[in-house]
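A.B. asks: Throughout, the numbering used here is defined as the position within the sequence shown, counted from one, plus 431.
Ideal placement from N, C-alpha and C gives every residue a C-beta, glycine not left out.
Below: one structure in structure tokens.
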Amino acid sequence: MSRAALQEACACRACGWALDGPGWLGDRPTHAICDCCGAEAGVDDTSVEATRAYRRTWVERGAEWFDPGCRPVRWSLYEHLCSIDAP
Ligand SMILES: [Zn+2]
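Structure, rendered in structure tokens:
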């Protein structure tokens, strides 16, 4: 797997945050949970529609961090959403 592909595989599908490992291995989800939005690979991101719906709900609820300890000091929701390379 190339570095770019690995980076893409490790990005949360809902919010783009870098997961600890790939959320999906081929078509099998690893059930990795995003530190940022709390989306679970294989549960909340099984389709483009489901992923969008999850992201929308998360933002509407105030974009709370699933694990606030992982939140960068200068984190900004706006910049974060702008950096998402997601459908
Ligand atoms: Zn996420």
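Please classify R444: does DSSP put it in a helix, a strand, or coil?
C.D. replies: Note: R444 maps to coil in three-state DSSP.
A.B. asks: CB-CB under 6 Å to W506, same chain, minus the five flanking residues each way: which ones, in chain order?
C.D. replies: Cβ neighbours of W506 beyond the five flanking positions: none.
A.B. asks: When the Cα atoms are used, what is the spatial distance from A472 to P503?
C.D. replies: Cα-Cα distance, rounded: 22 Å.
A.B. asks: Is A470 near ligand 1 - that is, is its Cβ less than 8 Å away from at least one heavy atom of it?
C.D. replies: A470: yes, Cβ under 8 Å from ligand 1.
A.B. asks: Only counting the same chain, and skipping five residues up and downstream in sequence, which positions put a Cβ closer than 7 Å to that of A494?
C.D. replies: If we look at A494 and ignore the five residues flanking it on each side, its Cβ neighbours are L508.
A.B. asks: Below 9 Å between beta carbons: does that hold for G537 and C446?
C.D. replies: Here the chain covers residues 432 to 518 and nothing more, so residue 537 does not appear.
A.B. asks: Taking 6 Å as the limit between beta carbons, can you name the residues of its chain near T482, skipping five residues before and five after?
C.D. replies: The residues are R444, A445 and D476.
A.B. asks: Comparing the C-beta of I464 with each C-beta of chain D, is any distance below 9 Å?
C.D. replies: In the structure shown, chain D cannot be found, because there is only a single protein chain.
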